[in-house]
Ligand code: SF4
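Numbering (UniProt numbering), first residue to last: 1 to 449.
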């Protein structure tokens with residue numbers, strides 16, 4: 001929560017020495033409170049005061065980082081209960097479970113599924129981001145699975161699931177540089193588990209029988225100095241887990257209680273009890289409320305197509321249109337003989353159209369003017385995708401130097417622009433394209449002859 005100017009003033013040394021560039025400490029404090037000056041500008045402020053300020057101005061929910069390099073993900077850090085209030089900031093991540101009670105064939109199959117389901121939608125990679133490896137009873141196999149995943153070419157973060165500190169210690173040695181989630185911290189083992197991650201940023205996954213016990217466990221772990229946490233809402237029924245996940249978020253955000261201010265992990269695989277479509281349904285429910293890591297038993301394209309687009313929608317800022325940068329984009333190695341296809345900068349339109357152009361294998365320049373981030377008809381109706389705006393973009397974008405072709409394809413839905421565009425671009429042949437994106441490959445192949 002933001003501090004008032006007077007609250008900040010109380011933490012200042014009150015020398016009125018002007019070294020911060022302000023005539024008095026009070027003036028400086030007021031400016032800091034308004035966001036117009038950095039507290040560090042006062043050379044005399046004590047570390048204690050700085051710490052207090054940092055704590056008071058910290059977000060209500062902590063952002064936890066897991067993984068490393070290409071597989072680094074941020075979780076939590078949310079500030080609102082509902083997406084329409086502002087925006088959700090750190091999307092949930094999907095984990096796939098492997099355990100030592102699975103056969104080698106099952107494990108290989110699941111790893112193959114993780115590799116297989118990996119695609120890009122509206123510029124975002126859709127894949128399993130975390131491999132959750134669970135210790136059931138066979139330590140050697142548990143360790144061998146970790147090594148197998150390490151040796152594979154998967155680019156994933158890790159979650160190690162084990163309640164035995166001595167086994168976790170051995171497992172953690174293998175992947176501690178990868179910043180895995182160390183899950184399985186409970187009221188009986190928390191001291192040993194905290195010891196394993198002391199002095200690191202490795203997050204601990206906390207589990208308890210109920211919310212009261214979880215709250216106490218968080219406080220105990222925090223007292224030991226570790227504040228990188230991920231919370232399991234506990235419970236075994238879908239109803240209770242759902243209620244607990246909401247309770248945790250409400251107590252944190254609405255109740256201003258930082259004890260519950262951490263991301264969560266939901267074991268959709270356990271709740272679904274082996275029913276794969278139930279697991280997908282749970283994956284969607286907890287994407288909305290409020291799973292940060294959602295553990296699945298398996299993945300395939302059918303399941304992915306239900307989970308990832310929903311996540312993409314939920315975690316897109318509703319106040320910002322999803323748009324691509326207005327520019328000229330070469331597709332399929334477009335060259336000086338390639339035609340130009342113009343559409344709007346609405347991301348969904350761009351990626352669907354560019355996908356179909358790629359599928360045609362015909363080299364094409366895609367011309368994307370600033371159309372306000374709207375779809376074709378909306379942009380046209382709003383006056384943002386007009387003959388004059390398209391012509392201006394074509395003249396100013398430099399496309400006339402990139403291709404000698406003077407064929408300009410416009411979306412079939414704005415065929416009405418053809419006449420005006422022809423007048424604005426007399427050197428170009430204006431071609432009305434298809435109504436639907438899926439017709440583009442055939443259309444382009446016929447155009448290319
Ligand atoms: Fe006050 Fe610090 Fe500014 Fe000096 S530098 S006037 S002590 S706030």
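Beta carbons are placed, not taken as given, at the ideal position from N, Cα and C, and that holds for glycine.
Taking a C-beta distance under 7 Å as the contact criterion, residue 215 and residue 245 do not qualify as a contact pair. Rounded to whole angstroms, the separation of the alpha carbons of residue 164 and residue 320 is 46 Å. For residue 25, DSSP assigns no beta-bridge partner whatsoever. Beta bridge pairing from DSSP links residue 365 with 330, 340.
Boundaries around residue 277 are those of the alpha helix (DSSP H), 276-288, since no beta strand (DSSP E) includes it. Per DSSP, the unbroken alpha helix (DSSP H) holding residue 348 starts and ends at 347-360. The beta strand (DSSP E) runs lying completely inside the region 140-224 and spanning 3 residues or more are 157-161, 181-185, 204-206, given in chain order. Take the alpha-carbon of residue 334 and the one of residue 393: they are about 19 Å apart. When DSSP states are grouped into helix, strand and coil, residue 3 belongs to the coil group.
For the options 408, 443, 435, 439, the alpha carbon positioned closest to that of residue 427 is the one of 408. When only Cα atoms are considered, residue 158 and residue 174 end up about 11 Å apart.
Between the alpha carbons of residue 136 and residue 81 lies a gap of roughly 36 Å. Less than 7 Å divides the Cβ of residue 280 from the Cβ of residue 303. Three or more beta-carbon pairs separated by less than 8 Å link the region 6-16 to the region 39-53, which places the two stretches in contact. Exposure of residue 383 is indicated by the presence of fewer than 16 other C-beta atoms within 10 angstroms of its C-beta.
Between residue 172 and residue 196, the C-beta spacing is below 7 Å. Rounded to whole angstroms, residue 185 and residue 146 show a C-alpha spacing of 19 Å. The region 216-224 and the region 236-253 do not touch, with fewer than 3 CB-CB distances between them shorter than 8 Å.
Within its own chain, the residues whose Cβ lies closer than 6 Å to the Cβ of residue 24, once the five positions on either side in sequence are excluded, are 16, listed in chain order. DSSP links residue 126 through a beta bridge to 119. CA-CA distance, residue 95 to residue 297, rounds to 9 Å. Contact check for residue 74 against residue 65 passes: the beta carbons are separated by less than 7 Å.
The Cβ atoms of residue 283 and residue 307 sit closer than 7 Å to each other.
A check of alpha carbon separations from residue 300 across 77, 115, 26 identifies 115 as the nearest. Residue 100 is positioned such that its CB atom lies closer than 7 Å to that of residue 141. Ranking 387, 93, 353, 415 by CA distance to the CA of residue 441 puts 353 first.
Per DSSP, the unbroken alpha helix (DSSP H) holding residue 303 starts and ends at 301-314. About 15 Å separates the beta carbons of residue 179 and residue 76, which is beyond the 8 Å limit, so they are not a contact pair.
Just measuring C-alpha positions, the residue of 152, 85, 39, 143 sitting nearest residue 166 is 143.
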